[in-house]
Amino acid sequence: MNIDTIKNGYVIDHITAGNAIKIYRLLNLEKLDLVVALITNVKSNKTKTKDLLKIGKLIDIDLDKIAFIDPDVTINIVKNNKIIEKKKLELPERLINVCKCNNPRCITSTERNLDQIFNLTDKENKVYRCNYCEMMLEKDKFLY
Ligand SMILES: [Zn+2]
Numbered sequence: 002m003n004i005d006t007i008k009n010g011y012v013i014d015h016i017t018a019g020n021a022i023k024i025y026r027l028l029n030l031e032k033l034d035l036v037v038a039l040i041t042n043v044k045s046n047k048t049k050t051k052d053l054l055k056i057g058k059l060i061d062i063d064l065d066k067i068a069f070i071d072p073d074v075t076i077n078i079v080k081n082n083k084i085i086e087k088k089k090l091e092l093p094e095r096l097i098n099v100c101k102c103n104n105p106r107c108i109t110s111t112e113r114n115l116d117q118i119f120n121l122t123d124k125e126n127k128v129y130r131c132n133y134c135e136m137m138l139e140k141d142k143f144l145y
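Position in the sequence shown (first residue = 1) + 1 = my numbering.
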């Protein structure tokens, strides 16, 4: 497959430089049988660089996970070599089984069958708190 053209799949554009690998890991793309192109540090203008992620198949992707890492990305949905939709994302209100609570006394560390739930409590500062113990989510504590 030519990495410039994707027949069917996604082109995730305007990813903040350095975040494409996090999206790649959080979506578990290495475990799926598909072509993925991860392109980092593309010049987007004179001073800024961005990352790009191309996924060569229209799989179900969890947009909340992508939005959590980088709400400013644009998701281009490609079908038959054409972009059929451009999606903008918003920071999700709730994260379910995306991150793990770091509080050893949290009920989620003993009750292993509980979902890991975090709620957005401060949109401006991107603060999430555990649904059970209110512990603030540490940056990049993903459930890979
Ligand atoms: Zn907790």
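For each residue, glycine too, the CB sits at the ideal point set by N, CA and C.
Here the structure is a predicted model, which means the values were calculated and not measured.
Rounded distance between the beta-carbons of T122 and D71, thought under 8 Å: Rounded, the Cβ-Cβ distance is 20 Å, inconsistent with contact.
Paired residues, beta bridge with C107 - DSSP: Paired residues: none, contrary to the question.
Alpha carbon of T75 to alpha carbon of L96, nearest angstrom: Cα to Cα, T75 sits roughly 20 Å from L96.
Proximal residues to A68 (C-beta, below 7 Å), its chain only, five neighbours per side dropped: So the qualifying residues of the chain are L90, E91, L92, P93.
Rounded C-alpha distance that separates L53 from N42: So the alpha carbons of these two residues sit roughly 8 Å apart.
Whole-angstrom distance between C100 and M2, CA atom to CA atom: For M2, the predicted structure reports a pLDDT of 45, less than 50, and the residue's modelled location is therefore unreliable. The matter cannot be settled from this model.
Buried versus exposed, by CB contacts within 10 Å (16 or more), I33: Correcting the residue type first, residue 33 is Leu in the shown sequence and not Ile. Burial call: exposed.
Boundaries of the beta strand (DSSP E) in which I13 is found, first to last residue: Looking at the DSSP string, the run of the beta strand (DSSP E) that includes I13 is 10-17.
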